[in-house]
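Start counting the sequence shown at 0; every next residue gets the next number (numbering that gives the first Met the number 0). Backbone N, C-alpha and C fix where the C-beta goes; we use that ideal spot for every residue, glycine too. Report on one structure; see the data block that follows.
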Amino acid sequence: MQNKKETLEIPVTNSFLEIVEPPNWFIGFKDTSLQLLVKEKNIGNSNPIISYEGVSIIKVNKARSKNYLFIDLKIDASTKAGKFDIVFTFDDGTTKTHTYELKSREKSADEYVGFTSADAIYLITPDRFANADESNDVYNNLKDTSLNRTNGYERHGGDLKGITNNINYISDLGFTAVWPTPVLLNDTPRASYHGYAITDYYQVDPRFGTLDDYKNLADELREKGMKLIMDQVANHCGLEHWWMKDLPFDDWVNNQKNYEDNIENWNNETNIGSNHRRTTNQDLYASEIDRKGNNEGWFVAGMPDLNQRNPFMAKYIIQNSIWWIETLGLGGIRQDTYPYPDKKFMSNWAGSIMNEYPNFSITGEEWSYNPLIVGYWQKGANNKDGYESNLKSPMDFPMMKSILEGINEQEAWDQGLIKIYEGLANDFHYKTPKDLVAFLDNHDKSRLFTEVHQDAANAKMALGYLLMMPRIPQIYYGTEILMNDTANPGDHGLIRTDFPGGWKGDKVNAFTGEGLTDVQKEMQSFVSKVLNYRKNSAAIHDGKTVHFAPFMGTYFLFRIKNDETVVHIINKNDKPITIDLKQYSEIGLNGKKLKNIITGEAFIWGDEIKLSKKGNLILTTKF
0 MQNKKETLEI PVTNSFLEIV EPPNWFIGFK DTSLQLLVKE KNIGNSNPII SYEGVSIIKV
60 NKARSKNYLF IDLKIDASTK AGKFDIVFTF DDGTTKTHTY ELKSREKSAD EYVGFTSADA
120 IYLITPDRFA NADESNDVYN NLKDTSLNRT NGYERHGGDL KGITNNINYI SDLGFTAVWP
180 TPVLLNDTPR ASYHGYAITD YYQVDPRFGT LDDYKNLADE LREKGMKLIM DQVANHCGLE
240 HWWMKDLPFD DWVNNQKNYE DNIENWNNET NIGSNHRRTT NQDLYASEID RKGNNEGWFV
300 AGMPDLNQRN PFMAKYIIQN SIWWIETLGL GGIRQDTYPY PDKKFMSNWA GSIMNEYPNF
360 SITGEEWSYN PLIVGYWQKG ANNKDGYESN LKSPMDFPMM KSILEGINEQ EAWDQGLIKI
420 YEGLANDFHY KTPKDLVAFL DNHDKSRLFT EVHQDAANAK MALGYLLMMP RIPQIYYGTE
480 ILMNDTANPG DHGLIRTDFP GGWKGDKVNA FTGEGLTDVQ KEMQSFVSKV LNYRKNSAAI
540 HDGKTVHFAP FMGTYFLFRI KNDETVVHII NKNDKPITID LKQYSEIGLN GKKLKNIITG
600 EAFIWGDEIK LSKKGNLILT TKF
């Protein structure tokens, strides 16, 4: 028996482990470090070994839970793409093997070009845009099995293929980038459609499709010269995320002890929620309790607040973003709830990405109407506390508010169009104003048509200005056909209404125009003509901006570059009016021929212009 024991081979289980993330990696990064999160029963009682040229284990980190290991690797610059085994030897002598792959990068870092002021972004809520694959509408093994288009908070069946199948529609409108709200797994019991309660950061929600469907969307957009923007969430995950069942460390999420103490009775009352005091990020006098209340409180009870001060969590989030950039060939990232995570981490996160991809773009959501607050988050800002965000493109909530107020208010010395004029005048505060992402509505805000009192002329004035000003414009799906939430303003289910024509049997089809009203068709045409002109307008992309203080219910904005001048005129007068053009003589247009971008009609810039009705006028010297 002794001889048999001596010659007995160690039993080997050649099985993939429960979780290894990132699931693969890539060669050729500036940062040669890689940290693997490994989850498997009792994996903490094992010792990993790798034998692959150019890959070395720097450190093996054990966690509170014995079911985790965090393995620090170094990937030498000379390392070749390929597969290798990670062999885990346990204390009892057994081993488990996981095959890991390092892939070649499909294009160089410089080729990852993000969105700029030359782009126009189309924002889509995927569940509500188009259902191209009814076979993936419901999965009985997921916690939310709803499928009910009459309920704004249940799933409707829209998917990634629905977007891909309608790229021509989006492109023909003149958009150059598509931003879908998150499509990663949200295995939550209710309202899983919106995507912001992620339960697996590396898995596409099967109700939206597969990873191949996501890749195909990115590929099809690229073939059209368009960009895919990924909506990411670094602040929180979903309560049903797999790690919430077995947290690796005591501080993996913020207020973790409170959660663990109340796990059997978890609700909004037991939750320590965020105080939402986002100004504590900038406030020189903010108390520590207020600062922590914003950054460490949970957004809601169903969204655990990730602790980015934990170095393993921080590394996990950064690597996840980079993995998706490489896997999809992204043209940008939109980061949700930007002022809620640890702000030092957010600087490192954005900086790590921009270090690897110098031409990339990131936009961050700071829902503040104060330009001082928004400007704080832009790269290069002269912040008194010395903070550098590394974020190129904050979202311009202040300008949204200014435009809507300017269009809606009665004209007076201190209201109406002066709000837009002074809103744009605040650009002196921003490091690079044209890099801000500006918008008039989105998936969280009332739709434009509702905001402007269901007045199509008002909507055109607002949209025309948005597309002419020095910004990166974003338009929400359906705005081009005047979709609204007027029946219950602000209701999220109504804001995220199904796009007509995206489902079999829809009587109205906005993709083809069937069933649309004349007013809707006119708006669709307006958006298309302006956007398609904008595509090739150097003056709008990065030209000089000159605007004049509102005069007699009108407001003139000029964009100028070389021999191209674009004029945007907002006229709020219901009755015909004649405007003296001599006051705009410094622009140098006198005697020049201009074309109306919408109608194609020619106009000679002389001493005056007659404006026959309320609305906007867009003229160009470019023929």
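- In the DSSP assignment, Ala-458 falls within the unbroken alpha helix (DSSP H) covering 455-467.
- In the assembly as shown, Lys-543 is an exposed residue. Its beta-carbon has fewer than 16 other beta-carbons within 10 Å.
- For Gln-318, the uninterrupted alpha helix (DSSP H) segment begins and ends at 310-327.
- With a contact defined as Cβ atoms closer than 8 Å, Gln-453 and Thr-485 qualify at about 6 Å.
- When the Cα atoms are used, Ala-455 and Arg-446 turn out to be separated by approximately 13 Å.
- Within the same chain, no Cβ atom closer than 7 Å to the Cβ of Asp-282 is found once the five residues on either side in sequence are excluded.
- Take Asn-165, set aside five residues on each side of it, and the residues of its chain with a beta-carbon closer than 7 Å to its own are Ala-129, Phe-510, in chain order.
- In this structure, the CA atom of Glu-355 is about 29 Å from the CA atom of Pro-47.
- Closest option to Phe-448, judged by alpha-carbon separation, among Glu-110, Asn-487, Asn-589: Asn-487.
- Beta-bridge pairing by DSSP links Phe-174 to no other residue.
- Non-local beta-carbon contacts of Asp-132 in its own chain, meaning distances under 6 Å to residues more than five positions away in sequence, involve Asp-158, Lys-160 in chain order.
- Between Thr-198 and Asn-185, the gap from beta carbon to beta carbon is short of 8 Å.
- Ile-539 has no beta-bridge partner at all, per DSSP.
- Note: Gln-334 is bridge-paired with Gln-231, Gly-363 in the DSSP secondary-structure output.
- C-alpha of Asp-443 to C-alpha of Asp-289: approximately 25 Å in a straight line.
- Per DSSP, reduced to three states, the secondary structure at Asn-572 is coil, with no helix or strand assignment.
- Taking one beta carbon from each stretch, the stretch 24-44 and the stretch 100-118 have 3 or more pairs nearer than 8 Å; the two touch.
- Distance from the CA of His-567 to the CA of Trp-241, rounded to the nearest whole angstrom, comes to 52 Å.
- By the Cβ-count criterion, Ala-601 is exposed, with fewer than 16 other Cβ atoms from all chains shown falling within 10 Å of its own Cβ.
- Between Asn-570 and Asn-615, the CB-CB gap stays under 8 Å.
- Its Cα nearest to that of Val-37, the residue Asp-71 stands out among Asp-71, Ser-55, Ala-176.
- Each of Tyr-138, Arg-127, Lys-142, Ile-162 was checked against the Cα of Thr-149, and the nearest Cα belongs to Arg-127.
- In this structure, the CA atom of Ile-316 is about 27 Å from the CA atom of Thr-269.
- Of the candidates Ala-233, Ser-351, Phe-525, Ala-537, Ala-537 places its Cα closest to the Cα of Lys-433.
- A residue is called buried when at least 16 other Cβ atoms come within 10 angstroms of its Cβ; Glu-295 meets this threshold and is buried.
- Around the CB of Tyr-337, 16 or more other CB atoms lie within 10 Å, so the residue is classed as buried.
- In this structure, Tyr-386 keeps its C-beta atom at 8 Å or more from the C-beta atom of Lys-430.
- Here the alpha carbon of His-155 sits roughly 11 Å from the alpha carbon of Asn-135.
- Counting the other CB atoms within 10 Å of its CB gives Gln-334 a total of 16 or more, which places it among the buried residues.
- If you compare the alpha carbons of Ile-262, Asn-561, Phe-174 with that of Thr-115, the shortest gap goes to Phe-174.
- The beta carbon of Ala-458 lies closer than 6 Å to those of Leu-447, Phe-448, Val-451 in the same chain, with the five residues before and after it left out.
- Straight-line measurement puts the Cα of Val-137 at about 21 Å from the Cα of Ile-123.
- Secondary structure note for Ala-437: its beta strand (DSSP E) is the uninterrupted segment 436-438.
- Beta-carbon to beta-carbon, Glu-421 and Gly-415 are separated by about 11 Å, too far to satisfy the 8 Å threshold.
- For Val-526, no beta strand (DSSP E) encloses it; the enclosing alpha helix (DSSP H) starts and ends at 517-534.
- Non-local C-beta neighbours of Ser-611 in its own chain, meaning closer than 8 Å and more than five positions away in sequence, comprise Pro-575, ordered along the chain.
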